[in-house]
Structures are given as structure tokens and as C-alpha cells.
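Novice:
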Amino acid sequence: MTDVAERVKSIASDVFGVPAHKIFPDSSPQTLERWDSTQHLTFVLALEETFQLQLSPEETERIRTVGDAVRLVEEKIQVTGE
Amino acid sequence: MQLREEIDHRIAGGDAWGASRCLTELWQQESSAAVASFLVSRYEKLRGARPFTPHRLAILRSFTLEPVVPVLRAAAFVAGVDLRVHLGGFNAYPQEILDRASPLYSFAPDTVILAVQTRDLAPELWSDYADLAADAVPPAIARSVASLQSCVRRFRRHSVANLVVHTLEQPPMASLGVLDAQTDGGQSAAIRQINDGLRGICHELRGVYLLDYGLLVARHGYAHWHDESKWLTARMPISASHITHMAQEWLRFLLPLAGHTAKAVIVDLDNTLWGGVIGEDGMQGIRLGQEYPGAAYQALQRALLDLHRKGILLAVCSKNNLEDAMEVLGKHPDMLLKPEHFAAMRINWSDKIQNLREIGVELNIGIDAIAFLDDNPVERAQVRAHLPEVTVIELSGDPAKYADAVRDSPVFERLMLSEEDRQRVSFYASARARAKAEQSFASKEDFFRSLEQEAEVDTVGPATLARVAQLTQKTNQFNLTTRRYSEQQISELANRPGWRVVCLRMRDRYGDHGLVGVAIVQFAAGSSEIDTFLLSCRVIGRSVETALLSHLVETAHARGAQFMRGWFFPTRKNAPAKDFYAHHGFQQESSNSEGSLWTLDLHKAEIACPEWIKVRVLAGAKF
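If you read the sequences in order, they're chains A and B. Counted from 1, the first sequence has number 5 at position 6 by numbering that gives the first Met the number 0; the numbering is strictly sequential. Counted from 1, the second sequence has number 103 at position 104 by numbering that gives the first Met the number 0; the numbering is strictly sequential.
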């Protein structure tokens, strides 16, 4: 697993209150009880804070699973040339 | 990740303070939204295993603040406060405040934060300002002020909780651009007027405080603070990287309101108050002055002086030769802090932990009221490990940031200053001079005579009410009945027929002690009874108690009483007052499981005021 994937998993674990080994790329609001719209916002803000980036409303909406978040962050980091 | 495992391991093993220490460390490494959720979940498991001060906070708001809550709770836990948070409905604050049956009041908050944005309260003064006719501006201002003021007033009527109100922020750009500043009224001026109205009501009512939101945003940079796209999509105006700053600012109010503040800061010397090591570099070699790098240390000293002015005690704890250190403190021309600014000093080669404990005892404050400032991470870690109640100020390696580390710490915030707070620092300096003088007298009486003590006896009034209540709440040692009273209760007692709430101020040749004694007495023709009799620990052992008792007995006699009676209720801490009645000729009349009742026959005995205390009785402002 990539470094980004590890860190996103750790954030998801903290924000949704689930041990890291129970977070998978297809974890979503359907599988994680605490993933509601409020926690979704907290998750997005935590991603922005950790990876020092800003996600547009469209990008925020594209995050439907933990895997989506990993791909999005990886994409953004490449674009900004980090 | 390792630290998290260690935390869970320590929690499982029942090591609550060890787990707390690791949680603090994790928070210092990364105070982010994600870590906050982790911290809160772990701290919740420590409830009961170590003390936390519970505090109930309601947040009323006009915008999304949900993501700030876990960060705030984590930061509060780190400071020892267990915050239960009730978040009001989105933009529902007026109904919640007006309706006594709303969830706000049934939550029974200790503190309420009212966070309203300009664009929600007064959209016509924000984005729609250009559409507003000139004569429509004053009514728009008046309407906003009236709406906020009525919210605050209603709240005060319905609740005794503290209220923290955000001021309204200025728009980043006025509708008219630079022209706005050239006009008489203008958009900025309009918002300033609303804030002035808000300030007025906050000063008028007890327990209402202003949070200068515009200043907070400016401190972090307007362009960085705001996230317009989150605002448009989620009504969350604060960007991800500033959520912690919002939480920290709230903490500056919540810690003093929860009583979690430092009363003293104990500082190291070498490489903390000045650059270099005095024992090696000498007076000429240490770095201290108005130019870099010495300027950084002066900036820190200035920050400490500001604390001193707020009544926070400064003390030195340094591994050094006493003469070397005192030469700098006393003679270095660029030292802003002088020996007289310090209430206690431990300059020696002994263990810092032991020194810190001794300073706590000398200053008569608990270990949990001490903050510790030291550039050496090893010393800091040691204090954290051995004295976990101490607030350790974290310093980065860069001296230029030391002053900010002190100013950023919420434990030094105060929401009000009493006269005693302002004078506190000089009490300790005069106490040291007094102790020195005491050693040079042959007898206690000679020493007492040399003090030139003057007491002033008065009845409680509006100006002294807060201090009198504070003394009943805080005094443990010389307190005969340890009855705790609020300001409301004191004022009620003072108004009962026959009752008097007497207060005593003390002054001597070394300084003014302020208001240090309280007695509450029910005078009656047959027998008068002492309900409360207490002295601040500052003046114990100087026969002040005899002077106060003498005044009470005289008054009782004048009002035709034959007996003066009073209870003594023993507690874990009031041994110094145990023999008070017996020493003054009272007879024990009866006793029960709670204490003993003592009586003095005023026809047979009187209490003489010690000749070395001059007593002045004031008429006293009645309520």
C-alpha cells in the first residue's frame, strides 16, 4: 500500500472511530456507521489539513469510498507537483 | 502510530497519567482534526481514572461548526477539562435563547458561546451593501444591535451561565473599495457600530464576555482563514488549517471559566530568560538586549511582565550558582525582569522536581496551578513525568518563538481582574521582607509592634461583594465553619434583619494585604451567633483574628446581647482555627458529630484588641 493510502486509512480510522485494520478501500457510508454528512465534512477537512491541499465541491462529492479519497489525494498531489 | 499503540497499551494497563502524557505528546506533534477524534475517544476511557474538571458548553451559531467540536474537546481534555458540548440548531439561536423550554436551557450549560456571522445577521451590511440607500444604513445598524442585545438580555434573564459572544467581522473588501474609508459612514463604520453596541451590553451584564472575532481572523490572515467553497457547499466558513485556531480561541475563555488557570509560572534562567550560560559565558557573554539574538529573550521577558501585571506570580527555578544568577537579575542593564518581580526563587543544584514542589508550598498554591517554562526538553519531560498536574509550556528550539509560546497559552488568560489580583504580586514581595524582619526580633510581640498593622473594618458593599464571596469559597485553613456562599447568597444574608457581613482589610509597613477577613454574624438581644469567621492565609498568625473578634464582641455587647456563640466545624484543612474559641475564653457548650458549639458570656468577659493593631471602623455601605 502507498504512503498516501496508509495515511488516509489512519485519518478514516480516527474520524469514523473504527480500528485501522477494519478500514478497506471500499469502506463507505454504507459500511461505516459513523460516516454521515457531518463526519464526511470532518473527513474532507482532515484530508485537506493533512495533505495541505484544497478540495473543490465537485471533488468533495466524488469521495464515496475510502479508496476514492486515496485516488483523489494522489491525483491532487501529482498535479501540484509534490 | 507507535504512540497510539502505547496509549492503548497504557489505558489497558490502568496507567491513566502515563496515557495522558502520551496523549499530550501526540497532540503536540499533530493537533489536527483527525487526531482530535482519536484523542477524545481515548480520553473518554480515562474518566474516573484521573481527575478532569467537567464543564458543559452550549454553542449557538449561525454557521457550521461541527468539525470544530472534536478539536475543542481534545484540546480541553489535554488541559484537564472534560467538555460536554451541546451544539444548537443551525441558525436557530434566537428561538433557542427566547424559548425557556428549548434544549439550550434543559442542557443546563456552564458556558454558552454565541457565534454569529455578519453575513447571517446583517446581510444588507455585507454583500448587499451597495444596494442600500444611505438613509437605510442607520436603521439597519439599529436593527442588528437591537436583535443581538435582546438575545443577550433574554439569555441573562433565563440563565446564570457564562456567555461568550463573537463580535461581527468586517468584510474583506468594502463594496465601495477604498472609497469606503474616505466616507463618513461607510460599511466598515457600520459594522464597527454594531460591535460597539455589543460591547456596551457585555459590559453592562455580569458574566457576558466578548470574543473579538475580527482580531482572531486577522491574526491568522483573512485570506487563509476563509474557505469560500466550503462556505457555499457546507456553510462552513473556516478553512481546514484554522479549525484548531478557532478551538484554541474558545479555550482561552473556557479555561478561566472552568477555573483551570495557572497562578504562577516558574521559569528557568540560562537559555530561557537570556541566551547562553551565565556560569560559563559571564555577564558580557550572555545574549540579552535590544538587538538580535538578545532581543528574542527580551521579548519573552516582556511577555512574562505582562503576566505579572495580571497578577500571575513569577518564580525562578534554575540550576546555577546563586551569586552568578543574582548578578544578572540584579545588575544586567538589559534585564526587564528584576529580582522584585519574582515571588520565589530556587537557584541551586538540587533536583528541579523538588524545587518546584517547594515553590508551590512557599507560594501556597497547588501544583496544578503552576506552569513551567524551560528551554531544556529533558527538564520538561521530567516535570511532565513526575508532576503531571503542572502545565508545561512547550518551546521549540527557536528563542524568537518563546514569547509567543507564553502568549498563546490559554492557562494565563483572565476574564476579569480584581484589585487583589493586581496587588497579589506585591503581597509576596512584602511577605519576604516581613519574614526577614521577623527573624531580627526577640519576641513575637516586638515583631508585631514593628509591623505597624492597621485594620479597617467595614460592612460588605457592592464593591467588596465579589471578594467576600470569593473568600468564603476559597478559604480552607483559618475558617471556623467553611460555609461556601455565592455573591447572591452573601447579598441576601447582608439584607436579613439583624445580620451583618463584616469584612476586614489589612495594611502594614510592608504593604497592603487587601481584603483578607470575613465574619458573618447574626446579632440578637439575647445571644449573637457567628455564622462565618475566616481569614486569608496571608495574615494567619498575626493576631488579626483577635482584632476582628474584638470588634464583633463589642458590637454584640452594644446591641444588648449577653452571649456570643459560634460553631467550629473541623475539616481536613482547618486545624489552624481549631483552638480559636478556647484561646479567646469561650466555653464549649455542646458538640455533635459535625462540630462543637462555643459560648462567651459578654457580661463576664470582653475581648481586647491587641495594642499593636490599629483598628478603624467604617460606617459601611449598606445594600
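For every residue, glycine included, the Cβ atom is placed at its ideal position computed from N, Cα and C.
1) Hey, could you find the ends of the beta strand (DSSP E) W498/B is sitting in?
2) On the DSSP letters alone, give me the boundaries of the alpha helix (DSSP H) that T598/B sits inside.
3) Under three-state DSSP, which class holds F622/B?
4) With DSSP as the reference, label G80/A as helix, strand or coil.
5) Using a Cβ-Cβ cut-off of 9 angstroms, state whether I10/A counts as contacting chain B.
6) Run down chain B in chain order and give the residues with a C-beta less than 7 angstroms from the C-beta of S55/A.
7) Just checking, does the segment 428 to 438 of chain B make contact with the segment 508 to 528 of chain B on the three C-beta pairs under 8 angstroms criterion?
8) Is the beta carbon of G206/B less than 9 angstroms from the beta carbon of N161/B?
9) Could you tell me which residues DSSP puts in a beta bridge with W566/B?
10) Mind pulling the chain C residues with CB within less than 7 angstroms of L44/A?
11) Are A523/B and F532/B touching if we call contact CB-CB under 9 angstroms?
12) Of the residues D600/B, A78/B, P569/B, R541/B, which one's Cα is nearest the Cα of V552/B?
13) Run through the DSSP bridge pairs and tell me what A48/B is partnered with.
14) Name the two residues that bound the continuous alpha helix (DSSP H) containing M297/B.
15) Could you spell out where the alpha helix (DSSP H) holding N354/B opens and where it closes?
16) Residues of chain A with CB under 7 angstroms from F62/B, in chain order?
17) Based on DSSP bridge pairs, tell me the residues matched to N318/B.
18) So, with DSSP's three-state summary, where would you put V405/B?
19) Quick one: is V69/A near chain B, going by C-beta distance under 9 angstroms?
20) Report yes or no: do three or more beta-carbon pairs, one from the segment 49 to 62 of chain A and one from the segment 9 to 26 of chain B, lie closer than 8 angstroms?
21) Counting only beta-carbon atoms, is D2/A nearer than 9 angstroms to chain B?
22) Counting contacts by CB-CB distance shorter than 9 angstroms, is T232/B in contact with chain A?
23) Which residues in chain A sit within 9 angstroms of M235/B, going by Cβ to Cβ distance?
24) So that I know if they touch, is there some Cβ in chain B lying closer than 9 angstroms to that of E47/A?
25) When Cβ atoms are compared, which residues of the segment 28 to 57 of chain B fall closer than 7 angstroms to chain A?
26) Please classify T23/B: does DSSP put it in a helix, a strand, or coil?
27) Whole angstroms is fine: what's the gap from L470/B's alpha carbon to S535/B's?
28) Out of curiosity, what's the CA-to-CA distance linking R72/B and Y296/B?
29) Closest to S592/B by C-alpha separation, out of D109/B, V500/B, P569/B, would be which residue?
30) Give the single residue among V538/B, S485/B, A75/B whose Cα lies nearest to the Cα of L253/B.
31) Going along chain B in order, which residues have a C-beta closer than 8 angstroms to the C-beta of G16/A?
32) Near E65/B, what residues of its chain come up, given a Cβ to Cβ distance below 7 angstroms and the 5 sequence neighbours on each side ignored?
33) Assign E74/A to buried or exposed, taking buried as 16 or more other Cβ atoms, counted over all protein chains shown, within 10 Å of its Cβ.
34) Taking 9 angstroms as the CB-CB limit, is P171/B close to chain A?
35) For Y484/B, which of helix, strand or coil comes out of DSSP?
36) Less than 9 angstroms between the beta carbons of I112/B and R60/B, yes or no?
Specialist: Looking at the atomic coordinates:
1) Its beta strand (DSSP E) spans residues 498 to 507.
2) Looking at the DSSP string, T598/B is not in any alpha helix (DSSP H); the run it does join, the beta strand (DSSP E), is 595 to 600.
3) Note on F622/B: pLDDT 35, under 50, position unreliable in the model; the coordinate value appears next. F622/B carries a coil assignment under DSSP once its states are collapsed to helix, strand and coil.
4) Because G80/A carries a pLDDT of 49, less than 50, the predicted location of this residue cannot be relied on, and no value is offered for it.
5) Interface residue, yes.
6) Annotation: Cβ neighbours of S55/A in chain B (cutoff 7 angstroms, chain order): S228.
7) Remark: three or more beta-carbon pairs, one from each stretch, lie closer than 8 angstroms, so the segment 428 to 438 of chain B and the segment 508 to 528 of chain B are flagged as touching.
8) Result yes, Cβ atoms of G206/B and N161/B sit closer than 9 angstroms.
9) Answer by DSSP bridge pairing, in chain order: L596/B.
10) Among the protein chains in the structure shown, which are A and B, there is no chain C.
11) No; because the gap between Cβ atoms is not below 9 angstroms, this pair is not in contact.
12) Nearest option by C-alpha distance: D600/B.
13) In the DSSP secondary-structure assignment, A48/B is not bridged to any residue.
14) The residue asked about is misnamed: residue 297/B is Gln in this sequence, not Met. Its alpha helix (DSSP H) spans residues 293 to 308.
15) Segment 351 to 362, the alpha helix (DSSP H) holding N354/B.
16) For F62/B, no chain A residue has a C-beta closer than 7 angstroms to its own C-beta; the minimum C-beta separation is roughly 12 angstroms.
17) Before going further, note that residue 318/B is Lys rather than Asn in the sequence given. Under the DSSP definition of a beta bridge, K318/B partners with N347/B.
18) If DSSP states are grouped into helix, strand and coil, V405/B belongs with the helices.
19) For V69/A, the answer is no, since every Cβ of chain B falls outside 9 angstroms of its Cβ.
20) Segments in contact, no.
21) Among the CB atoms of chain B, none fall inside 9 angstroms of the CB of D2/A.
22) Yes, T232/B lies at the interface with chain A (some Cβ there is under 9 angstroms from its Cβ).
23) The contacting residues are L40, L44.
24) Contacts with chain B at 9 angstroms (Cβ-Cβ) include E47/A.
25) Correct list: S31, A32, A33, V34, S36, F37, S40.
26) If DSSP states are grouped into helix, strand and coil, T23/B belongs with the helices.
27) So the two alpha carbons sit approximately 7 angstroms from each other.
28) Their backbone Cα atoms lie some 33 angstroms apart in a straight line.
29) Distance from the Cα of S592/B is smallest, within the candidate group D109/B, V500/B, P569/B, for P569/B.
30) Nearest C-alpha to L253/B: A75/B.
31) What G16/A touches in chain B: S36, S40.
32) Cβ neighbours of E65/B beyond the five flanking positions: L86.
33) By the 10 Å Cβ count, E74/A comes out exposed.
34) Taking 9 angstroms as the threshold, the shortest C-beta distance from P171/B to chain A does not fall below it.
35) Y484/B: coil per DSSP, three-state reduction.
36) Yes, these two residues count as a Cβ contact at 9 angstroms.
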